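First to last, the sequence lines map onto chains A and B. Here the working numbering = 1-based position in the first sequence + 1. Here the working numbering = 1-based position in the second sequence + 1. Every residue gets a Cβ at the ideal spot worked out from N, C-alpha and C, and that includes glycine. Just so it is clear, the structure is predicted and the values come from calculations on it, not from any experiment. Step one of this worksheet: look at the structure below.
Number of protein chains: 2
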Amino acid sequence: MNKVMVLLSGGMDSTVLATKLLREGHRVQGLTIHYGQRHAREIDAAVRVAQALNIQQHTIWVPEGILANAESSQSGGAAVPEGSYDEESMKATVVPNRNMFLLSIAVARAIAEKCSLVAYAAHVGDHAIYPDCREEFVLAMARAVSLCDWNPPALVAPFTNRTKAEIVQIGIDADAPFEHTWTCYKGGLRHCGRCGTCVERLEAFDKAGYIDPVQYADYEFWRTAVKR
Amino acid sequence: MNKVMVLLSGGMDSTVLATKLLREGHRVQGLTIHYGQRHAREIDAAVRVAQALNIQQHTIWVPEGILANAESSQSGGAAVPEGSYDEESMKATVVPNRNMFLLSIAVARAIAEKCSLVAYAAHVGDHAIYPDCREEFVLAMARAVSLCDWNPPALVAPFTNRTKAEIVQIGIDADAPFEHTWTCYKGGLRHCGRCGTCVERLEAFDKAGYIDPVQYADYEFWRTAVKR
Numbered sequence: 002m003n004k005v006m007v008l009l010s011g012g013m014d015s016t017v018l019a020t021k022l023l024r025e026g027h028r029v030q031g032l033t034i035h036y037g038q039r040h041a042r043e044i045d046a047a048v049r050v051a052q053a054l055n056i057q058q059h060t061i062w063v064p065e066g067i068l069a070n071a072e073s074s075q076s077g078g079a080a081v082p083e084g085s086y087d088e089e090s091m092k093a094t095v096v097p098n099r100n101m102f103l104l105s106i107a108v109a110r111a112i113a114e115k116c117s118l119v120a121y122a123a124h125v126g127d128h129a130i131y132p133d134c135r136e137e138f139v140l141a142m143a144r145a146v147s148l149c150d151w152n153p154p155a156l157v158a159p160f161t162n163r164t165k166a167e168i169v170q171i172g173i174d175a176d177a178p179f180e181h182t183w184t185c186y187k188g189g190l191r192h193c194g195r196c197g198t199c200v201e202r203l204e205a206f207d208k209a210g211y212i213d214p215v216q217y218a219d220y221e222f223w224r225t226a227v228k229r
Numbered sequence: 002m003n004k005v006m007v008l009l010s011g012g013m014d015s016t017v018l019a020t021k022l023l024r025e026g027h028r029v030q031g032l033t034i035h036y037g038q039r040h041a042r043e044i045d046a047a048v049r050v051a052q053a054l055n056i057q058q059h060t061i062w063v064p065e066g067i068l069a070n071a072e073s074s075q076s077g078g079a080a081v082p083e084g085s086y087d088e089e090s091m092k093a094t095v096v097p098n099r100n101m102f103l104l105s106i107a108v109a110r111a112i113a114e115k116c117s118l119v120a121y122a123a124h125v126g127d128h129a130i131y132p133d134c135r136e137e138f139v140l141a142m143a144r145a146v147s148l149c150d151w152n153p154p155a156l157v158a159p160f161t162n163r164t165k166a167e168i169v170q171i172g173i174d175a176d177a178p179f180e181h182t183w184t185c186y187k188g189g190l191r192h193c194g195r196c197g198t199c200v201e202r203l204e205a206f207d208k209a210g211y212i213d214p215v216q217y218a219d220y221e222f223w224r225t226a227v228k229r
C-alpha cells in the first residue's frame, strides 16, 4: 500500500489510472492543475470523479502566461481542429513542455505530502503528436525525479504502452466512473463528438466493445473521421 | 551564436552565467521566476542586472501555493538560519523540486521563443544541501529536455562542477555586474552578511582574491562562521 499522488485531469485516462490504483489498495489523492485551458469543464469533471471514488482531490490554478503559448489552441490561441488525431491538425493542441511542468508540480506536492508514488496517465496513443507522452520522455523524467530530492517519490506511468482501447478495458474492469469524465476540447454541455479527442475516445470505446456513458452532440461523426 | 534563455535569479551565479554567454557572442535573454520567496529584492536585482548587460529580461510571477512548502523558509515558513551552509541549518531553505519546476517553465518559454539553449547556474557548492543542484540531476534533466519537444532546446549548466570562488573569477574576467546582484536570504536594504548565502558569497570573493562590491551590514561575521 502506497500513498499515491495521481495527476487527475478529469479525462478518461487519469480517471482509469486513479481507479485502478485505488482498487489495488493504494491511498490515492488526485491533483488537478488548471493551466489556462479554454474552459474549466475538465476541473468540474476531476472534482466529480474524485467524489465518485471518494478520494482527496486538490486543484491548483496556474495563471495565464506561465506556460501558455499563443500558438496553442489549448491555451486560447488558434481554433480547435475537428476530425481525427492526424498530426497536422492536432499539432495546434500542443502546449510546449506541458508534461514536465505538470510533473514538476505533482512531484513537489508529493514530497510535501510524503507520497511514495507519483502516477500519470501518459499513453502510447498520444506519442505521434505529443513528444512528452513518449516512453523515453517518461523514463528520463523518472530518472530526474529519482534525483530531485533526498527522499524522492517514484514516478510511474503504467499506461505508456497501452492503447486507448486497452485503457477503456482496464477502466471497465476496475469500475471507473467514466460517466463523470470529460474529454472534449470544446467547452459545451455535452461532448461535441467531432474534435480529435472525442473521435479518439469514441473509437476506443468501440474497439473495446463498450458504450461510452457520456453524452455526445454527434455520435456518428467519428466513424467518418477515423482513417482506416 | 545561439539564442539562449538564461534562468536569471538576480543572484551572483546566474548573473555571471548570463554575462559569460553574452561575452561569448550569444543572444541572451533572462527569465526571472518569482515563486513565493520572502521578498522581491532578487527580482529588482535581476532587472538591474539585465539593464546593465543590455539584455531582454522577463519576470514570471508564480502565485503562492503552486510550489511553496510550509517547511521551507524560502517560501515563508521557518526563520532564515544564520551562519555557514552546514547541512542541518540550511535544509530549511530547500523548496522541494524547485529546479525541475523552474527549468520546466524556462524550457517551455525557450521553445516558444525558439531559443536553442537553456542555461542555468547550478553549481557544485550547492549539492550537499540541494539534491536538485547535483550534476546527476542536471544530466537527467538534460536528457528529459532533449525529449520534451520535436525541436527541443539543449540544457546547459556549465557551473555544475565549479566552486563559488571559480564563479567569482569567471565573473571578474567577463566583467559581470556583481554590484547589481542580490544574494542575501533576508530582505534588508543591504546584504546581512550573516545568513548562509551571504557567508558563502563573502568566502568565495575572499578565496578568489577580490572585494565584493555589494554592501553588507556585517562584513566580518563570515570569518567566524566558516568552519575551517
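So M6(B) and A111(B) are supposed to be a Cβ contact under 8 Å. How far apart are they, rounded? One-based indexing of the second sequence puts residue 6(B) at position 5. One-based indexing of the second sequence puts residue 111(B) at position 110. Yes, M6(B) and A111(B) are in contact; Cβ-Cβ is about 4 Å, under 8 Å.
Hey, could you find the ends of the alpha helix (DSSP H) L1(A) is sitting in? Here chain A has residues from 2 to 229 only, and residue 1(A) is not among them.
Tell me, please, which residues DSSP counts as bridged to K4(B). Within the second sequence, the letter at position 3 stands for residue 4(B). Note: K4(B) sits in a beta bridge opposite R28(B).
By Cβ distance, which residues of its chain are closer than 6 Å to K208(A), with the 5 residues on each side in sequence left out? In the first sequence, the residue the question calls residue 208(A) occupies position 207. A166, listed in sequence order.
Nearest to Y36(B) (by Cα), restricted to the options F102(B), Q170(B), F138(B): Residue 36(B) sits at position 35 when you count from the first residue of the second sequence. It is F102(B).
Any residues in the region 132 to 166 of chain B with a beta carbon nearer than 7 Å to a beta carbon of chain A? Which ones, in chain order? Only P132, D133, R135, E137, F138, A141, M142, R144, A145, L148, C149, D150, W151 from the region 132 to 166 of chain B bring a Cβ to less than 7 Å from some Cβ of chain A.
Would you grab the beta carbon distance between E126(B) and T184(B) for me? Rounded to a whole angstrom, and I think it's under 8 Å. The sequence position of residue 126(B) within the second sequence is 125, counting from 1. The sequence position of residue 184(B) within the second sequence is 183, counting from 1. Per the sequence shown, the amino acid found at residue 126(B) is Gly instead of Glu. Between G126(B) and T184(B) a beta carbon distance of about 12 Å is seen, past the 8 Å cut, so the two are scored as non-contacting.
Within chain B, the residues that M105(A) reaches when beta carbons sit closer than 7 Å: Here residue 105(A) refers to the residue found at position 104 when the first sequence is read from its first residue. Rather than Met, the amino acid found at residue 105(A) in this sequence is Ser. The answer, in chain order, is N98, M101, F102, S105.
Tell me which residues share the same chain as A205(A) and place their Cβ nearer than 6 Å to its Cβ, disregarding the 5 neighbours each side in the sequence. Taking the first sequence and counting its residues from 1, one reaches residue 205(A) at position 204. If we look at A205(A) and ignore the five residues flanking it on each side, its Cβ neighbours are K165, A166, V169.
For A120(B), does the three-state DSSP call read helix, strand or coil? On the second sequence, position 119 is the one that residue 120(B) refers to. It is a strand residue.
Within 10 angstroms of the Cβ of Q58(B), are there 16 or more other Cβ atoms? Answer buried if so, exposed if not. Numbered from its first residue, the second sequence carries residue 58(B) at position 57. By the neighbour-count rule (16 or more Cβ atoms within 10 Å), Q58(B) is buried.
Reference L23(B), options A120(B), V139(B), L203(B), closest by Cα: Working through the second sequence from its first residue, we reach residue 23(B) at position 22. The candidate whose alpha carbon is nearest that of L23(B) is A120(B).
What residue does the beta strand (DSSP E) around V1(B) start on, and which one ends it? Because chain B in this structure spans residues 2 to 229, residue 1(B) falls outside the shown range and cannot be described.
Need the endpoints of the alpha helix (DSSP H) that F165(B) sits in, please. The residue you call residue 165(B) lines up with position 164 of the second sequence. Checking the displayed sequence, the identity of residue 165(B) turns out to be Lys instead of Phe. DSSP places K165(B) inside the alpha helix (DSSP H), whose first and last residues are 165 to 175.
Beta-carbon gap between C134(B) and D133(A) smaller than 9 Å: The count along the second sequence starts at 1 and reaches residue 134(B) at position 133. The count along the first sequence starts at 1 and reaches residue 133(A) at position 132. Contact: no.
Note down, in chain order, every chain B residue with its Cβ under 8 Å from the Cβ of G66(A). Against the first sequence, residue 66(A) aligns to sequence position 65. Ordered by position in chain B, the residues that pass the 8 Å Cβ test against G66(A) are I61.
So does the region 218 to 225 of chain B actually touch the region 173 to 182 of chain B, counting three or more Cβ pairs closer than 8 Å? As far as the Cβ criterion goes, the region 218 to 225 of chain B does not touch the region 173 to 182 of chain B, which means the pair count is below three.
What residue from G26(B), G31(B), T198(B) has the CA that sits closest to E114(B)'s CA? Here residue 114(B) refers to the residue found at position 113 when the second sequence is read from its first residue. Nearest C-alpha to E114(B): G31(B).
Report buried or exposed for R191(A), applying the criterion of at least 16 other Cβ atoms within 10 angstroms of its Cβ. Numbered from its first residue, the first sequence carries residue 191(A) at position 190. By the 10 Å Cβ count, R191(A) comes out exposed.
Closest to C116(B) by C-alpha separation, out of A107(B), A123(B), H124(B), would be which residue? Start at 1 with the first residue of the second sequence, and residue 116(B) comes out as number 115. With distances taken between Cα atoms, C116(B) lies closest to A107(B).
Closest Cβ-Cβ distance between V48(A) and chain B: below 9 Å? Mapped onto the first sequence, residue 48(A) falls at position 47. With 9 Å as the cut-off, V48(A) does not count as an interface residue toward chain B.
Please classify N55(A): is it buried, with 16 or more other beta-carbons within 10 angstroms of its beta-carbon, or exposed? Numbered from 1 along the first sequence, position 54 holds the residue referred to as residue 55(A). Label assigned to N55(A): exposed.
Can you say whether N162(B) is buried or exposed, counting buried as having 16 or more other CB atoms within 10 angstroms of its CB? Here residue 162(B) refers to the residue found at position 161 of the second sequence. Exposure of N162(B) is indicated by the presence of fewer than 16 other C-beta atoms within 10 angstroms of its C-beta.
Contact residues within the region 106 to 122 of chain B, judged by C-beta distance below 7 Å to chain A: Within the region 106 to 122 of chain B, those residues whose Cβ lies closer than 7 Å to any Cβ of chain A are, in chain order, I106, V108, A109, I112, A113.
Below 8 Å on the Cβ atoms is my contact criterion, and I expect T33(B) with A53(B) to pass it. Report the Cβ-Cβ distance as a whole number of Å. In the second sequence, counting from the first residue as 1, residue 33(B) sits at position 32. In the second sequence, counting from the first residue as 1, residue 53(B) sits at position 52. With 8 Å as the limit, T33(B) and A53(B) do not qualify as a contact, their Cβ atoms being about 14 Å apart.
Between which two residues does the alpha helix (DSSP H) carrying E114(A) extend? Counting from 1 along the first sequence, the entry for residue 114(A) is found at position 113. Here E114(A) belongs to no alpha helix (DSSP H), and DSSP marks it neither H nor E.
State the Cα-Cα distance for the pair G197(B) and P97(B), rounded to the nearest angstrom. To locate residue 197(B), count along the second sequence from 1; it is residue 196. To locate residue 97(B), count along the second sequence from 1; it is residue 96. Taking the CA atoms as reference points, G197(B) sits about 19 Å from P97(B).
Can you give the beta carbon distance from A155(B) to L118(B), rounded, assuming they're within the 8 Å contact cut? Counted from its first residue, the second sequence places residue 155(B) at position 154. Counted from its first residue, the second sequence places residue 118(B) at position 117. The beta-carbon distance between A155(B) and L118(B), rounded to whole angstroms, is 5 Å. This is short enough to meet the 8 Å contact definition.
Would you say G194(A) touches the ligand NAD, meaning its beta carbon is less than 8 Å from a heavy atom? Although the ligand NAD was asked about, the structure shown includes no ligands whatsoever.
Let me check one thing: in DSSP terms, what residues is Y217(B) bridge-paired to? Residue 217(B) sits at position 216 when you count from the first residue of the second sequence. Beta-bridge pairing by DSSP links Y217(B) to H192(B).
Between which two residues does the alpha helix (DSSP H) holding V50(B) run? For the purposes of this step, residue 50(B) is taken as the residue at position 49 of the second sequence. Bounds of the alpha helix (DSSP H) holding V50(B) are 42 to 54.
Could you check the C-alpha separation between A51(A) and A158(B) for me, to the nearest Å? Here the question's residue 51(A) lines up with position 50 in the first sequence. Here the question's residue 158(B) lines up with position 157 in the second sequence. Approximately 41 Å, taken between the alpha carbons.
If I measure Cβ to Cβ from M2(A) and keep anything under 8 Å in the same chain, skipping five residues before and after, which residues do I get? Taking the first sequence and counting its residues from 1, the one referred to as residue 2(A) is at position 1. Excluding the 5 residues flanking it on each side, M2(A) has same chain C-beta neighbours closer than 8 Å at G26, H27, R28, in chain order.
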